[in-house]
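> Numbering (the UniProt record's numbering), first residue to last: 1 to 315. For each residue, glycine too, the CB sits at the ideal point set by N, CA and C.
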Amino acid sequence: MKHYLSLKDIDSLPDWVSEARQLKEKPTAYKNLGSGKILCLLFFNNSLRTRLSTQKAAMNLGMDVMVMNFGSEGWQLEFEDGKVMDQGKSEHIKEAAQVVSQYCDIVAIRAFAGLKDKLTDEAEMVLNGFKKYASVPVVNMESSVGHPLQALADAITLAEQNSKPRPKIVLSWAPHPKALPHAVANSFVAMMRLQDAEFVITHPIGYELNPELTKGIPLEYDQERALENADFVYVKNWSSYTDYGKVLHQDPDWMMTSKKLGKAKFMHCLPVRRNVVVADAVLDGGQSLVIEQANNRTYAVQVVLKKILEGSNQK
Ligand SMILES: NCCC[C@H](NC(=O)CCC(=O)O)C(=O)O
Ligand SMILES: NC(=O)OP(=O)(O)O
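Right, dumping it as C-alpha cells:
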C-alpha cells in the first residue's frame, strides 16, 4: 500500500482490526521499523486526537515527527493550475508538495471541507494536490469527504465491544450550532458496509448524506423507531448535503439522552458539545465508549503507518 486516503485503501478490514489490536497489546513491538524515518503532519484545521494519537503511533514505531499548522503558520497555498498568483496566495501546491517530500518519508494531512461549494469540496484539492505532487506516501487525517482513520478506530472499538453475531448499529444525526462536515459520517457509513451488522441511519428530513454513499442503506426519519433495540448508537452532527453546508435547524429533540439510548453503547468521534449533541448523563455514564474510541485512534493510525513503512522497505 502506498497512500491511506480512504477506506478503499484497506484490503481486509478484519485483518487490519486484528493487527491493530495486537499493536495495542504491545505498542512498541515494531520500534525498529520506523527508525531513521520522518513523518510530517500538516494541519489546515484544528485537532486534538488526530494530532497526538498520530504522533504517539509514529513514536511507537520509532519514527521522528514534524508538525506544521498551515492555518496560522504556513504560506497560503494556491491549488489552481495556470493561476496568475497576484492575490493573497503565496505558494503553489506544486512546489510545496515537492519540497515537503524532501523533508520526510510519509506526509499526513488534515484539510476539512469548506462547506461553501460542493464541487470544490468533493475535488479534495489539498489531499489530491499532495497525492499528485508529493513523492512520499500520503495519509488522510480528515479531508473534505472522509475521515478514514476515525472509521478504522471505530471498527476496532466495535470489534472490542461487540458480543453479538449481527449487532444493530444506528448512525443518529444530532443538533449543533455550527455547520459541520460530512467526513466522519461518510467514512462511518463506508466502514459499516464492511461489517456484518444491521445498520440504520436516522436524521431529520433535509439531512440526507450523499446518496451515492448511502445507496441501499435503511434510512428511518423517526429517531425513536430507528433506536429500537440498538446495540450501538453512533451520534454525529453534519450540515445539509442537498442544501450544501447549511444548518437547516437545530432541533434539540434530536439530542441523545439516556432514555433514548436505552441499553445501547454510545459512540462519538469527539470533540463533542455537551448537552447539545448528547446529554451529560450519557457521556458520564457507563455506556459511553468515547474515551476508548479516542484511545483506539493510536492503534488505527499505527497499523496504517506500519503497513506503509513495510511497503516502502520492500522497494
Ligand atoms: N475530527 C473530528 C470532528 C471534526 C469536526 N468537528 C468540529 O469541527 C466540531 C467543532 C465544534 O464543535 O466547534 C467534524 O465534524 O468533522
Ligand atoms: N476525532 C478527531 O478527529 O478528533 P480531533 O479533531 O481532535 O483530531
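Per DSSP, what are the beta-bridge partners of S288 in this structure?
Its beta-bridge partners are F266.
> Starting from D64, trace the beta strand (DSSP E) in both directions and tell me its first and last residue.
Counting along the chain, the beta strand (DSSP E) containing D64 begins and ends at 64-69.
> CB M192 to CB I169, shorter than 8 Å?
In contact: M192 and I169 (Cβ atoms closer than 8 Å).
> Tell me, please, whether the region 116-134 touches the region 150-169 by the rule of three or more beta-carbon pairs shorter than 8 Å.
Flag = no, the region 116-134 and the region 150-169 do not touch.
> Measuring alpha carbon to alpha carbon, tell me which of Y221, D222, I201 ends up nearest L213.
Considering only alpha carbons, the answer is I201.
> Output the boundary residues of the beta strand (DSSP E) element that contains E198.
Unbroken beta strand (DSSP E) run through E198: 198-202.
> Along the chain, where does the beta strand (DSSP E) that runs through T108 open and close?
According to the sequence as given, residue 108 is Ala; it is not Thr. Taken as a continuous stretch (DSSP letters only), the beta strand (DSSP E) holding A108 covers 106-110.
> Just to confirm the assignment, what range does the beta strand (DSSP E) spanning N140 have?
First-last of the beta strand (DSSP E) with N140: 138-140.
> Contact check, F70 vs F43 under 8 Å by CB: the rounded distance?
About 6 Å; that satisfies the 8 Å criterion.
> Spatial neighbours of K315 within its chain, please: CB distance less than 6 Å, with the 5 preceding and 5 following residues excluded, ordered by chain position.
Only weak support is given to the placement of K315: the predicted model assigns it a pLDDT of 42, under 50, and the value that follows is read from those uncertain coordinates. The answer is none, since no qualifying residue turns up.
> Just the Cα atoms here: how many angstroms apart are Q150 and T54?
Cα to Cα, Q150 sits roughly 11 Å from T54.
> Where DSSP assigns a beta bridge to W173, which residues make up the other side?
Bridge partners of W173: K236.
> Residue range of the beta strand (DSSP E) that I38 falls in?
Its beta strand (DSSP E) spans residues 38-43.
> Taking all protein chains shown into account, decide if residue 370 is buried (16 or more other Cβ within 10 angstroms of its Cβ) or exposed.
Lying outside 1 to 315, the shown extent of the chain, residue 370 is not represented and no answer is given.
> According to the Cβ coordinates, are L261 and V303 closer than 8 Å?
No, the Cβ-Cβ distance between L261 and V303 is not below 8 Å.
> Bridge partners of K168, per DSSP?
DSSP output for K168 lists E198 as bridge partner(s).
> Could you name each continuous alpha helix (DSSP H) segment of 4 residues or more that falls completely within the region 203-259, going from the start of the chain to the end?
You should have 211-214, 223-227.
> Hey, out of A264, K2, V282, whose CA is closest to M255's CA?
The shortest C-alpha separation from M255 is found at V282.
> Given Y241, which residues of its chain have a CB within under 7 Å of its CB, disregarding the five upstream and five downstream residues?
So the qualifying residues of the chain are H182, E208, L209, N210.
> Going along the chain, which residues of its own chain have a beta-carbon closer than 7 Å to the beta-carbon of V17, five neighbours each way excluded?
Hits under 7 Å: A155, I156, A159.
> Thinking C-beta only, is V277 closer than 8 Å to P175?
Closer than 8 Å, so yes.
> When the distance is taken between beta carbons, is L5 closer than 8 Å to S187?
Not a contact, by the Cβ cut-off of 8 Å.
> Sort D105, D284, G82 by Cα distance to F266 and report the nearest one.
Nearest option by C-alpha distance: D284.
> Within the same chain, show all residues whose beta-carbon is closer than 7 Å to that of A294, passing over the 5 residues directly before and after it, in chain order.
R49, L270, listed in sequence order.
> Let's test the definition: count the other Cβ atoms within 10 Å of the Cβ of C63 and tell me whether it reaches 16, buried, or not, exposed.
As written in the sequence, residue 63 is Met, which differs from the Cys given in the question. Result: buried.
> If you draw a straight line from the C-alpha of Q287 to the C-alpha of K263, how long is it?
Cα-Cα distance, rounded: 8 Å.
> If distances are taken between C-alpha atoms only, which option among L13, N229, A58 comes closest to G309?
In the sequence on display, residue 309 carries Leu and not Gly. Comparing Cα-Cα distances from L309 to each of L13, N229, A58, the minimum goes to A58.
> Which of helix, strand or coil does DSSP assign to V278?
Of the three classes helix, strand and coil, the one that applies to V278 here is strand, per DSSP.
> Looking only at its chain, what residues have a beta carbon closer than 6 Å to the beta carbon of P218, apart from the 5 residues adjacent to it on each side?
Around P218: V200.
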